[in-house]
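Student:
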Amino acid sequence: MSTVHTLRIDGKDVAGSDGATILEVARENGIDIPTMCHLDGISDRGACRLCMVEIAGSPKLAPACMTRVAEGMEVTAHSERLLEYRRAITEMLFVERNHVCAVCVANNHCELQDLAEDLGVTHFDLPRINPKVEVDASHPLFAIDHNRCILCLRCVRVCDEIEGAHTWDIMHRGLDTRVQTDMGLAWGDSPTCTSCGKCVQVCPTGALFEKGRAVARGTRRPRPFLPWMRVVAEERGL
Amino acid sequence: MSRPRIATVWLDGCSGCHMSFIDLDERLLEVFERADLVYSPLVDHKEYPEDVDVCLVEGAVSSEEDLHKLKVIRERTKVLVAFGDCAVTSNVPGMRNPIGVRPLLERAYVENVTINPGVPTEIVPALLPTSVPVHTVVRVDVFLPGCPPSADLIFTLLTDLLDGRVPDVAGARFGR
Ligand code: SF4
Ligand code: SF4
Ligand code: SF4
Ligand code: FES
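Protein chains in written order, with the numbering used here: chain U, 1 to 238; chain A, 1001 to 1176.
1. Given a limit of 7 Å on CB to CB distance, which residues of the region 1112-1128 of chain A reach chain U?
2. Mind the definition here: the region 80-96 of chain U touches the region 121-130 of chain U only if three or more C-beta pairs lie below 8 Å; say whether that holds.
3. Taking C-alpha atoms, which residue in U:V53, U:S190 and U:C203 lies nearest to H139 of chain U?
4. Count the other CB atoms within 10 Å of the CB of I150 of chain U; is the residue buried (16 or more) or exposed (fewer)?
5. For chain U, check one thing: does any of its Cβ atoms lie closer than 8 Å to the Cβ of T1159 of chain A?
6. Starting from the N-terminal end, write out each residue whose C-beta falls within a distance shorter than 6 Å of any non-hydrogen atom of ligand 1.
7. Checking 8 Å against the spacing of the C-beta atoms, do C155 of chain U and V105 of chain U come in under that value?
8. Is there a Cβ of chain A sitting closer than 8 Å to that of P227 of chain U, yes or no?
9. For the beta strand (DSSP E) holding H5 of chain U, just list the boundary residues, first then last.
10. Could you check whether G1013 of chain A and A1060 of chain A sit closer than 8 Å to each other, using their CB atoms as the reference points?
11. Please check if any C-beta of chain A sits within less than 8 Å of the C-beta of Q113 of chain U.
12. Our contact map puts R81 of chain U next to V133 of chain U with C-beta atoms below 8 Å; I'd like the distance itself, whole angstroms only.
13. Whole angstroms are fine: how far does the CA of L1153 of chain A sit from the CA of R1186 of chain A?
14. Does DSSP classify P227 of chain U as helix, strand or coil?
15. Return the residue from the list A:D1051, A:L1029, A:C1055 and A:N1091 that minimises the CA-CA distance to P1041 of chain A.
16. Is it true that the region 1082-1091 of chain A meets the region 1134-1150 of chain A, where meeting means three or more beta-carbon pairs spaced less than 8 Å apart?
17. What's the C-alpha gap between P227 of chain U and S43 of chain U?
18. What does DSSP give as the partner residues of C1055 of chain A in its beta bridges?
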């Protein structure tokens, strides 16, 4: 028997079962909270901080994707302050790498573009960093362009938790952080990658893509295998 | 009241934003029934005039010349619009930024050239160290992202400005 908690999100009375996250309960009730690292079917990491919400009585913001609902919680998911933070995060996601939508495989079906549009981010006040980053096109089917990676780590989680290969991981710190395959081996030399394509499917941007796809011609949505992923994830208690 | 004066400028861009502007088609007549086009790559004026009400600036700021033009434009313009992704983010022209000017010019004018290799130093304006968005150099009043922004968005923007409203750029997004 699972306990049900009643709480309020943005002034709306809602109910969620014990163990459910604020994000899940909000979405079940038609309250949209922006997210980037969260993806139904894989575990949550709280990496992007876009889903931060205010909880009455707490001086700190909490990530909705990682915070369990509790009885009597008063959650603010939308406020001027949160919007300002979410816009700032969106800007950072853009300027930390080199996003050139006009020549990107994900153009027009990119979750980062969607996010900017939804939040009304029309330009960046933060300066461009112009980092010199790599492209690894050594895999026969796929490639990664780090210029477009936002470090959501969906690829890392899907490869580990669903495919069970754990080809992806992260290396370095801060602005130098990179996702990498097999301890820094070229992806094409990876002994663990099964070429299943799951990482490419879950990448919210044009960082991971199928080779041979032209500008704006990458495949993203729908993600047909995700319902199945969800089942697998639930079986494994993720 | 005198008629509103509109200008359009082409800095470091591909002219695609101007093509989209021309895509206003018959709506161009609607706009220019109410306003004058006083300066543009599409008309034959050499000097950017005084007292411009609205200027659409296409393109990133990539050279000394772009920089100089833009400063004059800002001084003589009431509402300056960063028009399209190159103006807003530096977009494709900015792809050279991580490379640096020297290696870039060497690659283009020396390494890949068989006849008269050499980096030009005359006639063409010097490149800035990086190609930068318009608002990092002068104040921008309105941002219209898009590569290019659609004719519909441009039309809404211009009519909003001509009607004295704050322009509604909802639906504008990076890329297309
Ligand atoms: S990943 Fe998205 S935001 Fe980045 S360049 Fe590609 S389309 Fe633009
Ligand atoms: S293709 Fe599959 S196995 Fe290979 S890195 Fe991506 S998710 Fe992992
Ligand atoms: S490659 Fe894609 S999925 Fe992996 S961390 Fe970067 S943006 Fe996220
Ligand atoms: S979606 Fe919650 S931190 Fe990214």
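Glycine included, C-beta positions come from ideal geometry on N, C-alpha and C.
Tutor: Taking the geometry as given:
1. none
2. yes
3. U:S190
4. buried
5. no
6. U:H99, U:V100, U:C101, U:C104, U:A106, U:N107, U:C110, U:L112, U:Q113, U:R148, U:T205, U:G206, A:F1174 and A:G1175
7. no
8. Interpretation of P227 of chain U is limited by its pLDDT of 49, a score under 50 that renders its predicted location unreliable; no figure is taken from the coordinates.
9. V4 to I9
10. yes
11. yes
12. Not really, about 32 Å apart at Cβ, beyond 8 Å.
13. A query on residue 1186 of chain A cannot be resolved here, the shown segment of chain A reaching from 1001 to 1176 and no further.
14. Only weak support is given to the placement of P227 of chain U: the predicted model assigns it a pLDDT of 49, under 50, and the value that follows is read from those uncertain coordinates. Residue state, collapsed to three classes: helix.
15. A:C1055
16. yes
17. In this predicted model, P227 of chain U has a pLDDT of only 49, less than 50, meaning its place in the structure is not dependable; the value taken from the coordinates is given anyway. Straight-line Cα distance between these residues: approximately 15 Å.
18. A:A1007 and A:L1080
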